[in-house]
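Report on the following structure.
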Amino acid sequence: MYICSEHGDKPAYQPGLERWSAYKFLWIRHWQGFQEIYDERFRDRYGPLTKEKKEEAHKLIKCGRFRNGFVRHACSGCGTVLVVPFTCKSRLCVSCYRKKLFGWSLNLSCILNTNLNHFHVTFTVPGALSQVLFEKGYNTADMIKEASQCYRDILMTAAGLKGKEHKPGVIATVHSCGNGLNYNPHVHLIGTSELVNTETGEILENIFIPYKKARFIWMQHFLRHLVRTRIITKDEHDFYIAQYVNGFHVYFKPVRGNNNEILFRATEYIATGYMNNSQIVKVDNERKTVTFRYKSWVNRQSGEKSYAVKTMDIYEFMALMLFFLPDRNEKTIRYYGIYASGIREKLDYIEKKTWRDAVQHCFEKDPELCPQCGTVMLADVAYSLQAPNSIDSLIKTHVIQKGYFIPIKKPP
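In structure tokens form, the structure reads like this:
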């Protein structure tokens, strides 16, 4: 993680070389068979296997392999070489997707004002309504805007205000599934507990939030949205209002700590994918099953976490990963209120931050300095046409030690 808790020790940096994992091997080994059975087993439930989804899978399968291209950092002093393979940048690739999210987290301080107080808020919908959303093909990305508007309404109601000049700062994302890959759309939101008058700059503090009332505001807000988008009828709207007399669950948790701790917590809540390599416990290629570990429950008072293990059919697992895959042009993290001001320029700045900056921040080590002699290594690129010959030549003259290619015979 690029933003680290100040209380934790920073691990030693070691290059990852080629990117291999149980998750990636699963796709390499079973992708062909998955395509052959998809229409018969999964098309009716999860929709067609589109060209875009196939492209994402092909990018994942080729990701992080030296023979598909790499950046070479070579030391002119001792001949040590660091080879960094090209990434696929596919959202289906859990390594690349998490790298992108945590790269965003590296410069979250450009967006988040840590002088203001923040809440982590989770907006949920009941299981019966989730099933309706699944069957109707509801676009869960629409929940982000609805939850963000609802959060402002909650603060405005609590403060007894009307009008458009008062705004909180909001960063939000939607998760379409739960940790066990079950369909469970919910919004994670980091929002200021203060309202800012965008005309005068005045900050309205110490707003008491009526948590029980917030549940009703969210329920009414979201159900009206579903009626407008024709996901449910007016009669169904009235049914849910009568059925859920306590509203839909909305969880508030203050984000506390110093500047770095606040950034760390915000990253933890917002910048996370729905699966990572370390969760894969076992892949049984004979029985065609995959077993993974996931967080099943969190005590909201103590923060204590419980974990469960789940085994499922490999093809079902692959179908779910593709089903929950965000659309290519979909913005998975969105900004509202005072955090939307100048966001394009801030994100452009963050995009320009490099792999080198990330490693320096996380490991306190410059990866472009030779680990043997401290000389600045010079970089060049080997594209896919040159990459196979280049890596074969390197393997003949160097030996791999702790992620670096070290010359077998040191230069005179």
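In my numbering, the protein residues as written are 58 to 469. Even glycine gets a Cβ: it sits at the ideal position worked out from N, Cα and C.
Notebook entry, point to check: Quick one: Cα of residue 80 to Cα of residue 334, how far?
Noted result: Take the alpha-carbon of residue 80 and the one of residue 334: they are about 6 Å apart.
Notebook entry, point to check: Using 8 Å as the Cβ pair cut-off and three pairs as the minimum, do the segment 164 to 171 and the segment 267 to 281 touch?
Noted result: Proximity of the segment 164 to 171 to the segment 267 to 281 falls short of the contact definition, fewer than three beta-carbon pairs being nearer than 8 Å.
Checklist line | Where residue 322 falls, given that 16 or more other Cβ within 10 Å makes a residue buried | finding: Label assigned to residue 322: buried.
Margin query: Under DSSP, the alpha helix (DSSP H) around residue 277 begins and ends at which residues?
Written below: Taken as a continuous stretch (DSSP letters only), the alpha helix (DSSP H) holding residue 277 covers 268 to 285.
Next item on the list: Label residue 84 either buried or exposed according to how many other C-beta atoms from any shown protein chain fall within 10 Å of its C-beta, with 16 as the threshold for buried.
Entry: Result: buried.
Next item on the list: Enumerate in chain order the residues of its own chain whose CB-to-CB distance from residue 440 is below 7 Å, with the five nearest sequence positions on each side excluded.
Entry: Scanning its chain for C-beta atoms nearer than 7 Å, with the 5 sequence neighbours on each side dropped, one finds around residue 440 the residues 126, in chain order.
Next item on the list: Determine contact between the segment 108 to 115 and the segment 425 to 433, defined as no fewer than three beta-carbon pairs at a distance below 8 Å.
Entry: Counting C-beta pairs with one atom in each stretch, the segment 108 to 115 and the segment 425 to 433 have fewer than three that are closer than 8 Å, which means they do not touch.
Notebook entry, point to check: Enumerated in chain order, which unbroken segments of the beta strand (DSSP E) with a length of 3 residues or greater are wholly contained in the segment 307 to 337?
Noted result: Fully enclosed beta strand (DSSP E) runs of no fewer than 3 residues occupy 307 to 312 of the segment 307 to 337, in order along the chain.
Item checked: Endpoints, the alpha helix (DSSP H) within which residue 372 is located -> Run containing residue 372: 371 to 380, per the alpha helix (DSSP H) assignment.
Margin query: Is it the case that the segment 200 to 209 contacts the segment 148 to 159, given that we only count it when at least three CB pairs across the two stretches are under 8 Å?
Written below: By the criterion of at least three beta-carbon pairs nearer than 8 Å, the segment 148 to 159 is not in contact with the segment 200 to 209.
Next item on the list: Provide the residue span of the alpha helix (DSSP H) that contains residue 384, from first to last.
Entry: The continuous stretches of alpha helix (DSSP H) do not include residue 384, and DSSP gives it neither H nor E.
Margin query: Tell me whether the segment 133 to 150 and the segment 454 to 461 touch, counting them as touching only if at least three CB pairs, one residue from each stretch, are closer than 8 Å.
Written below: Yes: at least three Cβ pairs fall under 8 Å.
Check: Is it true that the CB of residue 326 sits closer than 8 Å to the CB of residue 336?
Finding: The Cβ atoms of residue 336 and residue 326 lie no closer than 8 Å to each other.
Notebook entry, point to check: Helix, strand or coil: how does DSSP classify residue 458 here?
Noted result: The DSSP-derived three-state label of residue 458 is strand.
Note to self: With three or more C-beta pairs closer than 8 Å as the rule, is the segment 209 to 219 touching the segment 340 to 351?
What the structure shows: These segments do not touch.
Margin query: Rounding to the nearest angstrom, what Cα-Cα distance links residue 98 and residue 89 in this structure?
Written below: So the alpha carbons of these two residues sit roughly 15 Å apart.
Next item on the list: Put residue 137 into one of helix, strand or coil per three-state DSSP.
Entry: Residue 137 carries a coil assignment under DSSP once its states are collapsed to helix, strand and coil.
Item checked: Collapsed DSSP secondary structure at residue 77 in the structure displayed -> Under the three-state reduction of DSSP output, residue 77 falls in the coil class, being neither helix nor strand.
Note to self: I need the boundaries of the beta strand (DSSP E) containing residue 248, first residue and last residue.
What the structure shows: 240 to 249 is the span of the beta strand (DSSP E), which, as asked, contains residue 248.
Check: Alpha carbon to alpha carbon, how far is residue 379 from residue 240?
Finding: About 13 Å.
Check: What residues are listed by DSSP as bridge partners for residue 229?
Finding: DSSP lists 246 and 391 as partners of residue 229.
Margin query: Given a cut-off of 8 Å on the beta-carbon distance, is the pair residue 396 and residue 227 in contact?
Written below: For residue 396 and residue 227, yes; Cβs fall inside 8 Å.
Check: Among residues of its own chain, excluding the 5 on either side of residue 301, which ones have a beta-carbon nearer than 7 Å to its beta-carbon?
Finding: Excluding positions up to five away in sequence, the list reads 183 and 276.
Checklist line | Whole-number beta carbon distance between residue 177 and residue 249, since they are thought to touch under 8 Å | finding: Here residue 249 is actually not in contact with residue 177; their C-beta atoms are around 12 Å apart, not less than 8 Å.
Note to self: Which residue wins for smallest C-alpha separation from residue 179, given the options 195, 200, 245 and 236?
What the structure shows: Selected option, being the one with the closest Cα: 245.
Check: Which runs of the beta strand (DSSP E) fall wholly inside the segment 147 to 195 and span at least 3 residues, in chain order?
Finding: The qualifying runs are 175 to 180.
Checklist line | Contacts around residue 425, its chain only, beta-carbon distance under 7 Å, and the 5 residues preceding and following it disregarded | finding: For residue 425, where only same-chain residues beyond five positions count, the Cβ hits under 7 Å are 130, 413, 433 and 434.
Next item on the list: Work out the CA separation of residue 186 and residue 330 for me, nearest whole Å.
Entry: Taking the straight line joining both Cα atoms gives about 24 Å.
Next item on the list: Take residue 364 and list the residues in its own chain whose beta-carbon comes closer than 8 Å to its own, dropping the five residues that flank it on each side.
Entry: Answer for residue 364: 350, 351, 352 and 353, listed in chain order.
Next item on the list: Might you give, ordered along the chain, the residues of its own chain that have their beta carbon closer than 6 Å to the beta carbon of residue 294, omitting 5 neighbours on each side?
Entry: Around residue 294: 280 and 284.
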